[in-house]
Structures are given as structure tokens and as C-alpha cells.
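In order, the protein sequence lines correspond to chains Y and U. All you need for this note's numbering is the position in the first sequence, starting with 1, plus 1. All you need for this note's numbering is the position in the second sequence, starting with 1, plus 166. Ideal Cβ positions, reconstructed from N, Cα and C, are used throughout, including at glycine. To start, the structure under review is shown below, and the notes come after it.
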Amino acid sequence: MNTENQDIVIKVENLEKHFGDHKVLKGISTDIDRGEVVVIIGASGSGKSTFLRCLNCLEDPTGGSIIFDGVDIADVSIDINIHRQKMGMVFQQFNLFPHKTVIENMTMAPIKLKGMKKEDANVLAMKLLERVGLADRADSYPSQLSGGQQQRVAIVRALAMEPDVMLFDEPTSALDPEMVGEVLDVMKTLADDGMTMVIVTHEMGFAREVADDVIFIADGIIEEEGTPEEVFDHPKSEKLQSFLSKVL
Amino acid sequence: MNYVSFSTWITTAPAWIAGLPEGLQNFIFQLFQTFVFADRWKLFANGLKITFIVTIGALAIGIVIGLIIAMIRTLYSSYVVTKPPFLLRVFNTFANIYLTVIRGTPMMVQLLIMGFVIIVPKTDTGTILCGIITLGINSGAYVAEIIRSGLMSIPKGQTEAGRSLGFNYIQTMWYIVIPQAIKNILPALGNEMITLLKDTSLVSVIALRDVTKQAQNIQSLTYNALVPYISLAVIYLVIVIVLTRLLAVLEKRLRRSEH
Numbered sequence: 002m003n004t005e006n007q008d009i010v011i012k013v014e015n016l017e018k019h020f021g022d023h024k025v026l027k028g029i030s031t032d033i034d035r036g037e038v039v040v041i042i043g044a045s046g047s048g049k050s051t052f053l054r055c056l057n058c059l060e061d062p063t064g065g066s067i068i069f070d071g072v073d074i075a076d077v078s079i080d081i082n083i084h085r086q087k088m089g090m091v092f093q094q095f096n097l098f099p100h101k102t103v104i105e106n107m108t109m110a111p112i113k114l115k116g117m118k119k120e121d122a123n124v125l126a127m128k129l130l131e132r133v134g135l136a137d138r139a140d141s142y143p144s145q146l147s148g149g150q151q152q153r154v155a156i157v158r159a160l161a162m163e164p165d166v167m168l169f170d171e172p173t174s175a176l177d178p179e180m181v182g183e184v185l186d187v188m189k190t191l192a193d194d195g196m197t198m199v200i201v202t203h204e205m206g207f208a209r210e211v212a213d214d215v216i217f218i219a220d221g222i223i224e225e226e227g228t229p230e231e232v233f234d235h236p237k238s239e240k241l242q243s244f245l246s247k248v249l
Numbered sequence: 167m168n169y170v171s172f173s174t175w176i177t178t179a180p181a182w183i184a185g186l187p188e189g190l191q192n193f194i195f196q197l198f199q200t201f202v203f204a205d206r207w208k209l210f211a212n213g214l215k216i217t218f219i220v221t222i223g224a225l226a227i228g229i230v231i232g233l234i235i236a237m238i239r240t241l242y243s244s245y246v247v248t249k250p251p252f253l254l255r256v257f258n259t260f261a262n263i264y265l266t267v268i269r270g271t272p273m274m275v276q277l278l279i280m281g282f283v284i285i286v287p288k289t290d291t292g293t294i295l296c297g298i299i300t301l302g303i304n305s306g307a308y309v310a311e312i313i314r315s316g317l318m319s320i321p322k323g324q325t326e327a328g329r330s331l332g333f334n335y336i337q338t339m340w341y342i343v344i345p346q347a348i349k350n351i352l353p354a355l356g357n358e359m360i361t362l363l364k365d366t367s368l369v370s371v372i373a374l375r376d377v378t379k380q381a382q383n384i385q386s387l388t389y390n391a392l393v394p395y396i397s398l399a400v401i402y403l404v405i406v407i408v409l410t411r412l413l414a415v416l417e418k419r420l421r422r423s424e425h
């Protein structure tokens with residue numbers, strides 16, 4: 002894969018995260034390029050979700066650096082809130098705001114944080130809702146939507162801030178099987194449109210299809226990294242081979 | 167002229183009253199003395215005004231204090247594995263001392279200390295403010311625990327979703343967590359408001375002329391306890407019933423988003 006002409010969106014160097022004495026991440030370094038789709042796989046408890054949550058400092062890194070926007074956001078003295086505005090995040094449990102309608106969920110952050118006019122924010126939100134086929138649900142409350150619909154709203158809510166990168170934390174794990182497809186389709190479209198994405202998932206078929214780069218995390222380090230072909234078809238490490246034999 | 171005797175009153179009263187049994191005649195006379203004679207209903211009205219002012223003022227102070235204390239304690243307890251920052255630990259210690267002292271001493275004692283040791287108001291307005299501040303500080307301790315339970319009832323994912331969009335901690339609380347928490351704590355908060363309203367009856371110890379104090383005054387003017395005090399109870403009861411109804415309506419309205 003040619004990465005020479007692409008600029009780096011996030012540069013992670015020697016990232017560490019400890020919970021008390023428990024070392025979850027033991028020094029992770031990787032570059033995430035503009036337009037790249039990075040899929041992170043690994044067994045549960047391997048640290049893959051923690052790694053993703055460190056990228057926007059939902060978990061404060063214990064050590065190492067995360068260069069984003071030209072600054073080290075792992076540094077506690079910077080104002081993380083400004084940088085988070087440019088990093089969208091989608092959660093396993095959707096986390097829509099239940100007291101707000103779909104369109105209010107989407108326009109709240111652009112209006113309050115970017116000072117966008119309400120009308121402009123509404124136009125943007127409707128455009129995004131149309132893209133994911135939910136324009137008719139703009140005035141519904143989250144509790145009136147199915148899981149798949151809620152997750153699609155969660156994706157466009159993050160997109161409404163026009164982020165530079167989108168982080169997905171097991172976005173389909175809480176969905177009923179028949180709804181996984183509609184969410185993955187939205188993510189695939191997003192990838193095709195050139196969005197930079199970091200995705201933690203158990204959907205190996207999706208990873209193979211969409212990823213530019215697959216990272217296998219085991220015991221808090223990057224055990225293996227490569228293209229989907231390299232990782233899925235020619236795994237080198239024993240841990241990866243054993244992991245794949247269980248999930249494929 | 168503070169007092170009218172029964173024999174004087176009966177001569178001026180409408181003729182049909184004289185035909186009633188003696189006990190009933192006496193009761194009507196007491197009602198007359200308590201409310202009508204010398205415009206004494208105005209004493210109740212003025213007392214009620216003080217009661218409402220103190221309740222509303224104390225409630226406002228209580229909610230502000232309660233919100234601050236609850237946010238400090240919630241933020242503090244969100245640090246599970248790592249140590250909270252120094253300043254937060256200091257604030258949290260103060261919050262705990264405040265909660266312990268206020269919840270560990272009677273409201274009456276707090277009023278006596280504020281009224282005669284700490285503030286010692288000299289004017290009527292000063293006395294009202296003293297009552298508001300004391301009750302507000304007292305109520306804040308209870309409201310803090312109510313609000314904290316509300317904040318903790320909101321899943322962590324809501325805070326994370328807010329923070330991931332770029333809202334800071336205060337904004338996340340204000341726009342996302344608190345509006346949801348209010349729905350959950352409204353019954354408890356309503357209870358606290360009703361308790362507070364009834365607790366204002368204690369402010370008479372710092373010589374504040376609330377509705378209870380006025381009933382006491384009327385009792386001493388008329389040498390009759392039954393009618394002023396039963397009336398007082400009825401007044402409180404009616405207000406509480408109205409408040410309870412209003413809260414029920416509000417709660418219903420806030421639950422609209424849960425279909």
C-alpha cells in the first residue's frame with residue numbers, strides 16, 4: 002500500500018495505559034493516515050477497546066504520545082475538548098441522548114460547540130439523515146427506533162461535527178444479527194467516501210472487505226499488523242493464528 | 167383593641183346565630199376572632215408571604231448548593247483506579263464535612279446558631295435573609311444527595327458520548343446528564359420542597375413572622391388555641407396538596423420522551 006503521499010492524521014507513539022498495577026497497553030506505536038481504514042482485532046481483554054478509547058482520551062493514557070492536529074493530545078495540559086470535536090466516536094451501546102429527538106441529538110454539538118446557526122445545523126443533519134435513510138425519523142425519540150437505526154443515528158451524530166477521523170468501538174456488537182448489515186453498509190459507504198476510520202470489531206468479513214490496515218492486538222501490544230490479506234491469509238504469529246482459528 | 171368578649175360580639179352578630187346551639191355559637195365566635203376581628207386574616211396573609219419567600223429562596227439556594235456538592239462528589243467518585251487531582255480532593259473533603267455537619271445537627275439548632283451567633287440580623291429584611299440562608303444551607307445537604315443519586319442513575323455512556331463530541335465536563339452535565347437526571351429525581355426533589363415548606367415553620371425561633379408565628383400571635387391575642395392552630399394546619403395541608411398536584415403534572419410532562 003502506498004502511504005508516501007498521504008499525510009498522517011494520528012501518530013501514536015509508545016502508548017501505555019495502566020489501571021493501577023494492571024498494564025493494559027504496554028507500548029503501542031502506529032500511524033493512521035488520512036483516508037485510511039484501520040481495523041483493530043483481538044481477543045476480549047487484549048486492550049483493543051482501551052487503545053481506541055485512548056485515541057480521544059476517554060481513557061487518559063499513562064504514557065507515550067498521540068499526535069493529532071499537530072499537538073500531543075496525551076498531554077494532560079492541553080484542552081482535549083477542542084480536539085475531540087474533530088474525532089467522532091461511535092459506541093457499542095449507541096449512547097444516543099434519550100431526552101432529545103434524532104435531529105436534536107445531531108445538532109446539539111454543532112450549535113453549542115461550533116456556534117452553527119440552528120437552521121444550518123438542521124440542513125446539515127437532514128442531509129446526513131438522508132444518506133443513512135432515516136430522514137423520516139428526524140423528529141423521533143431514540144426509544145422509538147430499532148437498534149440498527151439508533152446506531153446509524155449515532156454515526157451521523159458524530160459526522161455532524163465534520164470530524165477528521167471516526168472511531169468505532171465495536172459498533173455492531175450490541176445489535177440483533179439482522180441489523181448488523183445496515184450499520185456495516187453505512188460504515189462501508191463512509192470508508193468509500195474517504196473518511197479516516199479506526200474500527201474495533203469482531204466482524205472479520207467486514208474487516209477483510211473494508212480495511213486498508215489490520216492491527217492485531219494481544220496482551221497490550223501490536224502482535225501483528227498488515228493488509229487484510231497478510232493478516233487473515235498469511236498470519237505469522239502463533240497468537241494470531243490461534244485467534245483466527247477461533248473466530249473464522 | 168385586641169379582644170372582643172363573647173357577650174359584646176353576640177349582640178352585633180346576625181340574629182340567626184343566637185338560635186344555634188351554644189357550642190356552635192362559640193365556634194363561630196372563635197372563627198370571627200381569629201380571622202375577621204381587627205382584620206386578622208391579614209396576619210395570616212402576611213405570614214404566608216414570608217413562608218413562601220423563605221421557601222422559594224431556600225429552595226433556590228439549596229438547589230445551587232446541592233448541584234455543586236453533587237457534581238463534586240460524583241466527579242470524585244468517578245476516579246476509580248487513579249487518584250483524583252489535589253483540588254478535587256480538597257473540595258470533596260469540604261463537601262463531606264458540610265454534609266456531615268448539616269445532616270448531623272437539628273435544623274432548629276442551626277437556626278439558633280445562625281440567628282444569634284453567626285449572622286445576628288438587625289432588620290426585618292436581614293431576618294428574612296437569615297432564614298433563607300439557613301434553610302437553604304440546610305436543604306442543600308439533602309438536595310445534594312438527591313441530585314447525586316440522580317446523576318449516578320444516568321449510564322456512563324451518556325457522559326462519554328457527550329465528552330466524545332467535544333463537550334467539557336460541565337457542558338456534558340448541563341446539556342445531557344442533568345436534564346435526564348431531573349426526571350429521575352423529581353419525586354424526591356418534590357418531597358424535599360414539601361419538607362422545606364413545612365420546615366419554614368421553625369423560623370419563628372429567630373423572630374421571623376411566618377404564618378406559624380402569626381398563628382401563635384393570634385392565639386395569644388384571643389386566648390384560644392384550637393381555631394388558629396387547626397386553621398394553620400389546614401393552610402399547610404392545602405398548599406402541600408396543591409404542590410403535589412403541580413409536581414405530578416410536571417413529572418408527566420417531562421416523561422414525554424419515553425414512549
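What three-state label does DSSP hand residue i in the structure shown?
{"i": "isoleucine 176/U", "result": "helix"}
{"i": "methionine 2/Y", "result": "Only weak support exists for where methionine 2/Y lies, its pLDDT of 43 falling under 50; the value from the coordinates is given anyway. The answer is coil: DSSP assigns methionine 2/Y none of H, G, I, E or B."}
{"i": "alanine 219/Y", "result": "strand"}
{"i": "leucine 191/Y", "result": "helix"}
{"i": "serine 66/Y", "result": "strand"}
{"i": "glycine 71/Y", "result": "coil"}
{"i": "histidine 425/U", "result": "Bear in mind that a pLDDT of 49 at histidine 425/U, under 50, signals an unreliable position, so the number given afterwards is only what the model happens to contain. Histidine 425/U falls in the coil class under three-state DSSP."}
{"i": "aspartate 137/Y", "result": "helix"}
{"i": "valine 39/Y", "result": "strand"}
{"i": "threonine 51/Y", "result": "helix"}
{"i": "lysine 12/Y", "result": "strand"}
{"i": "isoleucine 320/U", "result": "coil"}
{"i": "leucine 186/U", "result": "coil"}
{"i": "isoleucine 33/Y", "result": "strand"}
{"i": "proline 143/Y", "result": "helix"}
{"i": "glutamine 94/Y", "result": "coil"}
{"i": "glutamine 242/Y", "result": "helix"}
{"i": "lysine 249/U", "result": "coil"}
{"i": "lysine 101/Y", "result": "coil"}
{"i": "aspartate 234/Y", "result": "helix"}
{"i": "tyrosine 264/U", "result": "helix"}
{"i": "valine 406/U", "result": "helix"}
{"i": "methionine 180/Y", "result": "helix"}
When every heavy atom of the ligand PLP is checked, does at least one fall within less than 6 angstroms of the C-beta of residue i?
{"i": "serine 174/Y", "result": "In the structure on display, the ligand PLP does not appear, and there are no ligands present to speak of."}
Below 8 angstroms on the Cβ atoms is my guess for residue i versus residue j; work out the distance and round it to an integer in Å.
{"i": "methionine 180/Y", "j": "serine 144/Y", "result": "Incorrect: roughly 16 angstroms between the Cβ atoms, too far for contact."}
{"i": "isoleucine 348/U", "j": "isoleucine 298/U", "result": "Actually they are not in contact, since the Cβ atoms of isoleucine 348/U and isoleucine 298/U sit about 23 angstroms apart, beyond 8 angstroms."}
{"i": "aspartate 214/Y", "j": "glutamate 37/Y", "result": "6 angstroms"}
{"i": "leucine 352/U", "j": "leucine 416/U", "result": "7 angstroms"}
{"i": "phenylalanine 210/U", "j": "tryptophan 175/U", "result": "Actually they are not in contact, since the Cβ atoms of phenylalanine 210/U and tryptophan 175/U sit about 20 angstroms apart, beyond 8 angstroms."}
Which stretch, first to last residue, makes up the alpha helix (DSSP H) that contains residue i?
{"i": "threonine 130/U", "result": "Given a span of 167 to 425 for chain U in the structure shown, any question on residue 130/U remains unanswerable."}
{"i": "methionine 273/U", "result": "273-279"}
{"i": "phenylalanine 169/Y", "result": "No alpha helix (DSSP H) contains phenylalanine 169/Y, which is instead part of the beta strand (DSSP E) from 166-170."}
{"i": "glycine 213/U", "result": "207-243"}
{"i": "glutamate 131/Y", "result": "119-132"}
{"i": "asparagine 82/Y", "result": "81-85"}
{"i": "asparagine 390/U", "result": "Per DSSP, asparagine 390/U belongs to no alpha helix (DSSP H) and is neither H nor E."}
{"i": "asparagine 357/U", "result": "344-365"}
What does residue i pair with, by DSSP beta-bridge criteria?
{"i": "lysine 27/Y", "result": "Glu17/Y"}
{"i": "aspartate 61/Y", "result": "Looking at the DSSP assignment, aspartate 61/Y forms no beta bridge with any residue, so it has no partner."}
{"i": "valine 201/Y", "result": "Ile41/Y and Asp170/Y"}
{"i": "glutamate 225/Y", "result": "Phe217/Y"}
State the start and end residues of the unbroken beta strand (DSSP E) segment that holds residue i.
{"i": "methionine 196/Y", "result": "Methionine 196/Y -> no beta strand (DSSP E), and no H or E assigned at all."}
{"i": "valine 91/Y", "result": "88-91"}
Practice item. Could you tell me whether the stretch 353-368 of chain U touches the stretch 96-115 of chain Y, where touching means 3 or more Cβ pairs closer than 8 angstroms? Key: no
Review point. Is it a yes or a no for the stretch 15-25 of chain Y touching the stretch 190-197 of chain Y, going by three-plus beta-carbon pairs under 8 angstroms?
Key: no
Review point. Is there contact here, the stretch 300-308 of chain U with the stretch 262-271 of chain U, by at least three beta-carbon pairs under 8 angstroms?
Key: yes
Review point. Using 8 angstroms as the threshold, is the stretch 316-331 of chain U in touch with the stretch 83-103 of chain Y, meaning 3 or more CB pairs across them?
Key: yes
Exercise for review: State whether the stretch 233-252 of chain U contacts the stretch 365-379 of chain U, with contact taken as three or more CB pairs (one from each stretch) at a distance under 8 angstroms.
Suggested key: no
Check your understanding: How do the stretch 28-44 of chain Y and the stretch 218-230 of chain Y stand: do at least 3 beta-carbon pairs fall below 8 angstroms, yes or no?
Key -> yes
Review point. Does the stretch 221-228 of chain Y come within contact of the stretch 53-72 of chain Y, defined as at least 3 CB pairs closer than 8 angstroms?
Key: no
**Study point:** the stretch 52-62 of chain Y in contact with the stretch 232-247 of chain Y per 3-pair CB rule at 8 angstroms
**Key:** no
Review point. Are three or more beta carbon pairs between the stretch 165-181 of chain Y and the stretch 201-209 of chain Y nearer than 8 angstroms?
Key: yes
Check your understanding: Between the stretch 311-319 of chain U and the stretch 148-163 of chain Y, do at least 3 Cβ pairs fall closer than 8 angstroms?
Key -> no
Check your understanding: Touch check for the stretch 367-381 of chain U and the stretch 279-298 of chain U: three-plus C-beta pairs under 8 angstroms?
Key -> yes
Exercise for review: Could you tell me whether the stretch 24-35 of chain Y touches the stretch 47-56 of chain Y, where touching means 3 or more Cβ pairs closer than 8 angstroms?
Suggested key: yes
Practice item. Decide yes or no for the touch test of the stretch 282-296 of chain U against the stretch 203-212 of chain U: beta carbon pairs closer than 8 angstroms, at least 3 of them. Key: no
Check your understanding: So does the stretch 386-402 of chain U actually touch the stretch 240-251 of chain U, counting three or more Cβ pairs closer than 8 angstroms?
Key -> no
Check your understanding: Are at least three pairs of beta-carbons, each pair with one atom in the stretch 127-145 of chain Y and one in the stretch 100-107 of chain Y, less than 8 angstroms apart?
Key -> yes
Check your understanding: Are the stretch 120-131 of chain Y and the stretch 76-88 of chain Y touching by the rule of at least three beta carbon pairs closer than 8 angstroms?
Key -> no
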